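>
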Amino acid sequence: MNERPWIQPDRHTSRRAGVGRLVLLPPFGATVSVAVCMLGMALAATALPAQVTYIDREYQIKAAYLYHLIKYVRWPETSRLASQNAGKSPFVITVLGQNPFGGSLKHIAATRRIRGRPIRLEFVQNPDAIPDCHIVFVPATTSEKFRQSVLRETRSADSRRR
Numbered sequence: 164m165n166e167r168p169w170i171q172p173d174r175h176t177s178r179r180a181g182v183g184r185l186v187l188l189p190p191f192g193a194t195v196s197v198a199v200c201m202l203g204m205a206l207a208a209t210a211l212p213a214q215v216t217y218i219d220r221e222y223q224i225k226a227a228y229l230y231h232l233i234k235y236v237r238w239p240e241t242s243r244l245a246s247q248n249a250g251k252s253p254f255v256i257t258v259l260g261q262n263p264f265g266g267s268l269k270h271i272a273a274t275r276r277i278r279g280r281p282i283r284l285e286f287v288q289n290p291d292a293i294p295d296c297h298i299v300f301v302p303a304t305t306s307e308k309f310r311q312s313v314l315r316e317t318r319s320a321d322s323r324r325r
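Residue numbers for the sequence shown, in my numbering: 164 to 325.
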């Protein structure tokens, strides 16, 4: 008799995945296996909101940091960005790729101003589509190749604007 009744050799070679397969037999039973599966799903479900909350909080902080950082940036008076109707034209922030901020940055743009100027957000997926803007935010989750293409595109766009 098998000393471990829960391990049974696989008798069907067409479905054979290894030496044996796990078969839940009476000391464990079907009820226990269902309970274990439900417990695993419950634990997985509770871990997910904690991770989402952490990520949301991280990007809320990054959105606030970005806003406060921009308040202290001064462009040279001769630059086109500094001279564009300083009180009327919006301050443009472009988020490239997937928007990691959720509603945090949109809330800041809707409720705050930078040196009296409204904030306009642009969301683009492709570096070739970067609009004329003051700041480009590239999430850290993008690949190195993607970041390099963003640098090339912004440098070439800057040289075309001069």
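Ideal Cβ placement from N, Cα and C applies to all residues, glycine included.
Because the structure is a prediction, the values reported are computed rather than measured.
Who are the near neighbours of lysine 234 in its chain, counting only those whose CB is closer than 7 Å to its CB and skipping five residues on each side?
Closer than 7 Å at Cβ, skipping near neighbours: Ile277.
> Exposed or buried, which one is alanine 272 when buried takes at least 16 other CB atoms within 10 Å?
Alanine 272 is buried by the Cβ-count criterion.
> Can you give the Cα-Cα distance for glutamate 316 and threonine 274, rounded to whole angstroms?
Rounded to whole angstroms, glutamate 316 to threonine 274 spans 31 Å at the Cα level.
> Excluding the 5 residues preceding and the 5 following aspartate 219 in the sequence, name in chain order all residues of the same chain whose CB lies nearer than 7 Å to its CB.
Closer than 7 Å at Cβ, skipping near neighbours: Gly265.
> Are valine 313 and proline 281 closer than 8 Å when you measure CB to CB?
Not closer than 8 Å, so no.
> Where does arginine 126 sit, in a helix, a strand or coil, going by DSSP?
Residue numbering for the chain in the displayed model covers 164 to 325; residue 126 lies beyond these limits and cannot be assessed.
> What does DSSP give as the partner residue(s) for leucine 314 in the beta ladder?
None; leucine 314 has no bridge partner.
> Would you mind giving the Cβ-Cβ distance between valine 301 and isoleucine 293, rounded to the nearest angstrom? I have them listed as a contact below 8 Å.
Contact doesn't hold; Cβ gap of about 10 Å is too wide.
> Go ahead and pull the three-state DSSP assignment for phenylalanine 264.
It is coil, neither helix nor strand.
> Using the Cβ count rule (16 or more neighbours within 10 Å means buried), how would you classify isoleucine 256?
Isoleucine 256 is buried by the Cβ-count criterion.
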